[in-house]
Amino acid sequence: MILRFFAALFLIYAFGFLAFAVSLPAPAAKTETDAVIVLTGGAGRIDRGIEIVESGLAKEMFVSGVDPEVKPAEFAEQFEVSRRTMNCCVTLGFLAVDTRSNAGEVAEWMKEKQFTSVRLVTTDWHMARAHSEVSGSLPEGTTIVKDAVVSHPALGTLFLEYNKLLASEISQGLPV
Numbered sequence: 006m007i008l009r010f011f012a013a014l015f016l017i018y019a020f021g022f023l024a025f026a027v028s029l030p031a032p033a034a035k036t037e038t039d040a041v042i043v044l045t046g047g048a049g050r051i052d053r054g055i056e057i058v059e060s061g062l063a064k065e066m067f068v069s070g071v072d073p074e075v076k077p078a079e080f081a082e083q084f085e086v087s088r089r090t091m092n093c094c095v096t097l098g099f100l101a102v103d104t105r106s107n108a109g110e111v112a113e114w115m116k117e118k119q120f121t122s123v124r125l126v127t128t129d130w131h132m133a134r135a136h137s138e139v140s141g142s143l144p145e146g147t148t149i150v151k152d153a154v155v156s157h158p159a160l161g162t163l164f165l166e167y168n169k170l171l172a173s174e175i176s177q178g179l180p181v
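Residue numbers for the sequence shown follow our numbering, so the first one is 6 and each next one is one higher.
Encoded structure:
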């Protein structure tokens with residue numbers, strides 16, 4: 006009886022992983038939002054955020070998890086952001102060190118700006134957990150558009166991220 010239970014649990018886990026791995030999200034359609042949130046840590050994320058702001062799909066961009074030693078001018082130079090765009094539309098967040106603290110940093114900025122819609126930019130394999138964490142920190146009714154940067158993750162990356170997603174979902178469901 007207990008063997009069947011663990012076999013069933015393993016099958017649920019395995020099919021869940023398979024569903025996660027084959028259903029990675031894609032870039033979002035051209036939908037306007039108040040802001041774009043970019044979580045650092047993967048190639049193409051910041052470039053995608055800048056593209057969104059410069060095309061007028063979002064008024065402002067918040068980059069969460071920037072290394073505290075990075076200066077705005079260095080950021081602008083590295084990502085070829087104009088001075089005008091940096092001054093009007095880009096805010097760098099230096100407090101976050103992981104996905105959960107990204108969510109807290111994003112929530113504070115969104116509250117300060119009083120924005121009600123946001124485009125979340127992160128890598129395709131990271132989107133499920135990032136969306137879960139960020140949506141859990143924002144006020145109810147905030148519209149979040151998932152805008153994934155397409156990657157070609159290794160099986161190990163997917164496996165690790167799936168387990169992090171499960172752990173995150175379990176910890177969010179536990180009473181504090």
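All C-beta atoms in this analysis are idealised placements derived from N, C-alpha and C, irrespective of residue type, glycine included.
- Contact annotation: VAL154 and ARG88 have beta-carbon atoms that are not nearer than 7 Å.
- Comparing alpha carbon positions, the residue from HIS131, ALA24, THR96 closest to VAL75 is THR96.
- A straight-line Cα-Cα distance of about 39 Å links ALA19 and PRO73.
- Contact check for ALA33 against ASP152 passes: the beta carbons are separated by less than 7 Å.
- By the 16-neighbour rule on beta-carbons within 10 angstroms, ASN168 is exposed.
- Judged by beta-carbon spacing, ALA40 lies within the 7 Å limit of PHE120, meaning their Cβ atoms are closer than that value.
- Ranked by Cα distance from SER28, the first of ILE175, PRO77, SER156 is SER156.
- In terms of Cβ geometry, ALA101 and GLU110 form a close pair [threshold 7 Å].
- By a beta-carbon distance limit of 8 Å, HIS131 contacts GLU166. Their separation comes to about 6 Å.
- Annotation for MET66: no alpha helix (DSSP H) segment contains it, though the beta strand (DSSP E) segment containing it runs 63 to 69.
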